[in-house]
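K.L.:
2 protein chains.
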Amino acid sequence: MTAQAGTGRTNQKQRTRTAIVAAARDLIGTGAEVTMPAIARAALVSEATAYRYFPDLPSLISEALAGVWPPPAEALAPVADSADPVERVAFACEFLLRGILARQGSVRAMIAATITRPETVTTRPGIRFGLIDHALLPLEDTLGARDPDGFAQLKRDLAVVVSAEALFTLTDLCGLDPDEAITSAVRTAATLTEAAVRAIA
Amino acid sequence: MTAQAGTGRTNQKQRTRTAIVAAARDLIGTGAEVTMPAIARAALVSEATAYRYFPDLPSLISEALAGVWPPPAEALAPVADSADPVERVAFACEFLLRGILARQGSVRAMIAATITRPETVTTRPGIRFGLIDHALLPLEDTLGARDPDGFAQLKRDLAVVVSAEALFTLTDLCGLDPDEAITSAVRTAATLTEAAVRAIA
DNA sequence: TCCTTCGTGAGAGTTGACTCTCATGAGATT
DNA sequence: AATCTCATGAGAGTCAACTCTCACGAAGGA
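Chains A and B, in that order, give the protein sequences.
Counting from 0, one number per residue, gives the positions in the first sequence under numbering that gives the first Met the number 0.
Counting from 0, one number per residue, gives the positions in the second sequence under numbering that gives the first Met the number 0.
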């Protein structure tokens with residue numbers, strides 16, 4: 000029942016786990032339906048076993064998704080030389096939202112699940128926070144030092160805007176097409192960052 | 000099979016529909032589990048009948064929820080005399096989010112469903128857009144006339160922030176408690192409105 | 001090599017979201 | 001009152017998310 004723990008048969012478990020995540024990643028990539036039965040089938044594993052390694056679907060998707068994203072520093076390499084937080088945030092926002100768009104199906108499934116059962120949010124989507132933190136590095140010593148509360152508020156502002164939830168709000172409820180939605184979100188993120196920067200100008 | 004249409008037996012249908020919505024509203028109010036079987040049971044109606052009147056759970060919840068909210072003008076009565084869009088938006092945001100908080104369970108269920116099946120979004124949550132539009136009335140003649148695009152952008156900015164999705168992001172992912180989350184969202188909404196207002200100053 | 005351990009598969013079971021069919025019986029029509 | 005109509009209920013069926021049990025069989029140690 001337990002599995003996981005690191006006693007014996009380590010390799011076997013490692014292989015099984017990897018196979019499951021890989022299968023999930025494949026399904027996510029092909030845009031197919033990302034369900035537990037489908038993943039288990041693709042991983043040549045029984046559904047029961049899949050549940051032995053991951054408490055629920057969102058956890059699995061979350062892990063599979065995490066492995067697809069590059070680390071923040073790498074993702075933001077194009078703006079690595081820029082010290083302008085507005086430019087960096089705009090880039091990070093666009094990067095995140097385009098990535099989400101390419102994996103809409105699974106991201107939607109994951110978000111829906113975490114919304115109905117917030118208590119299961121263990122592996123938070125570090126991508127969002129990682130990107131935001133990294134994009135704001137230039138402000139760490141200025142705004143971050145001079146006005147810690149304002150800095151924290153800015154991060155929260157951006158956590159709301161630089162997100163899948165925001166993207167889906169814009170496309171599903173506001174009726175924007177994907178590109179318009181991304182443009183709009185990037186604008187919003189930029190506006191918020193500008194406002195925060197202005198505070199220390 | 001059809002029901003609904005306005006031919007005969009109108010009263011009967013009216014009564015049935017009302018009973019279903021009322022039952023849903025009751026369940027929402029008590030914070031109980033808002034599922035189709037539960038609502039049907041409470042409405043003394045078979046589940047099949049419930050589905051004859053509403054294509055799916057979210058539609059039902061959406062309608063039940065809509066009936067609970069007052070019209071925008073009434074909700075914003077406390078700031079009716081204010082011409083300050085920032086103050087009005089802040090009030091609208093706090094009003095909306097507190098209302099959502101009080102009905103978390105059902106709102107979460109609804110949002111989750113509309114995220115996984117965006118194509119079923121028929122009855123959009125007019126509350127959000129109604130409140131935003133009404134809060135921004137003072138800008139209609141100034142910003143709205145002088146910079147229509149900027150005005151539209153502001154509305155989109157606020158649609159993302161003055162929302163259940165934003166609230167849940169702050170509580171579930173950022174780990175804020177409800178009051179902190181609302182305070183944060185109100186701040187964000189105010190910042191965005193201020194930025195837009197500054198453009199015409 | 002024997003034997004214990006334990007990862008795994010098979011399968012049954014539960015719940016909720018839906019879908020579909022069929023029989024019933026109350027309402028409307030004449 | 002006789003009849004036609006149609007809203008409704010009952011129930012079976014599908015699918016996914018899980019949960020649980022039980023038996024198999026290979027990995028690993030003695």
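Where a beta carbon is used, it is the ideal one built from N, C-alpha and C, also for glycine.
These numbers were taken from a predicted model, which means no experiment stands behind them.
Pop quiz: residue 162(A) and residue 168(B) are said to be a contact at Cβ under 8 Å. What is the actual Cβ separation, rounded to whole angstroms?
P.N.:
Sure, about 6 Å apart at Cβ, within 8 Å.
K.L.:
Can you check whether the CB of residue 158(B) is closer than 8 Å to the CB of residue 127(B)?
P.N.:
Going by C-beta atoms, residue 127(B) is nearer than 8 Å to residue 158(B).
K.L.:
Using 8 Å as the cut-off, can you tell me whether the segment 5-22 of chain B makes contact with the segment 103-116 of chain A, which would need three or more C-beta pairs spanning the two stretches below that distance?
P.N.:
Counting Cβ pairs under 8 Å, fewer than three are found: no touch.
K.L.:
Report the CB separation of residue 190(B) from residue 194(A) in whole angstroms; it is logged as a contact under 8 Å.
P.N.:
Between residue 194(A) and residue 190(B) the Cβ distance is about 5 Å, and since that is below 8 Å, they are a contact.
K.L.:
Please state if the CB of residue 88(B) and the CB of residue 188(B) are separated by a distance shorter than 8 Å.
P.N.:
In this structure, residue 88(B) lies closer than 8 Å to residue 188(B) by Cβ.
K.L.:
Restricting to Cα atoms, I'd like to know which of 173(A), 145(A), 164(A), 130(A) is closest to residue 154(A).
P.N.:
Residue 130(A) is the option with its Cα nearest to residue 154(A).
K.L.:
Looking at the structure shown, is residue 96(A) part of a helix, part of a strand, or coil, going by DSSP?
P.N.:
Looking at residue 96(A) - three-state DSSP - the assignment turns out to be helix.
K.L.:
How big is the Cα-Cα spacing for residue 104(B) and residue 30(B)?
P.N.:
Each residue's alpha carbon lies about 7 Å from the other.
K.L.:
Are residue 177(A) and residue 137(A) touching if we call contact CB-CB under 8 Å?
P.N.:
The answer is no: Cβ separation not under 8 Å.
K.L.:
Taking C-beta to C-beta, are residue 19(A) and residue 75(A) nearer than 8 Å?
P.N.:
No.
K.L.:
If we cut at 8 Å on Cβ distances, does residue 62(A) have a partner in chain B?
P.N.:
By this cut-off, residue 62(A) is not an interface position.
K.L.:
Only counting the same chain, and skipping five residues up and downstream in sequence, which positions put a Cβ closer than 6 Å to that of residue 94(A)?
P.N.:
Excluding sequence neighbours, residue 94(A) sits near 74.
K.L.:
Short of 7 Å Cβ to Cβ, which residues in the segment 47-74 of chain A face chain B?
P.N.:
So nothing in the stretch comes that close.
K.L.:
Consider the Cβ of residue 192(B): report whether some Cβ of chain A lies at a distance smaller than 8 Å.
P.N.:
Not an interface residue.
K.L.:
So with CB distances below 7 Å, who are the chain A contacts of residue 113(B)?
P.N.:
Result: 171.
K.L.:
Shortest alpha-carbon distance to residue 67(B) belongs to which of 133(B), 149(B), 26(B), 120(B)?
P.N.:
Nearest option by C-alpha distance: 26(B).
K.L.:
Kindly provide the ranges of any alpha helix (DSSP H) runs that are 4 or more residues long and lie completely inside the segment 27-97 of chain A, ordered along the chain.
P.N.:
Segments of the alpha helix (DSSP H) lying fully in the segment 27-97 of chain A: 35-41, 46-52, 56-65, 71-74.
K.L.:
Could you work out which residue in 65(B), 91(B), 109(B) is closest to residue 77(B) when comparing CA atoms only?
P.N.:
For residue 77(B), the nearest C-alpha among the options comes from 91(B).
K.L.:
Use the C-beta contact count for residue 70(B): other C-beta atoms within 10 angstroms, 16 or more gives buried, fewer gives exposed.
P.N.:
With fewer than 16 other Cβ atoms within 10 Å, it is exposed.
K.L.:
Can a CB atom of chain B be found closer than 8 Å to the CB of residue 156(A)?
P.N.:
So, interface residue.
K.L.:
Rounded to whole angstroms, what is the Cα-Cα separation between residue 102(A) and residue 43(B)?
P.N.:
Their Cα atoms are separated by approximately 42 Å.
K.L.:
Let me make sure I understand the geometry here. Which of 72(A), 156(A), 79(A) has the alpha-carbon closest to that of residue 181(B)?
P.N.:
If we check each option's Cα against that of residue 181(B), 156(A) comes out closest.
K.L.:
For the alpha helix (DSSP H) that residue 192(A) lies in, which residues bound it at each end?
P.N.:
Per DSSP, residue 192(A) belongs to the alpha helix (DSSP H) from 177-197.
K.L.:
If you measure between the beta carbons of residue 140(B) and residue 199(B), is that distance less than 8 Å?
P.N.:
No.
K.L.:
At the level of alpha carbons, what is the spacing between residue 143(A) and residue 150(B)?
P.N.:
Residue 143(A) and residue 150(B): Cα-Cα distance of roughly 31 Å.
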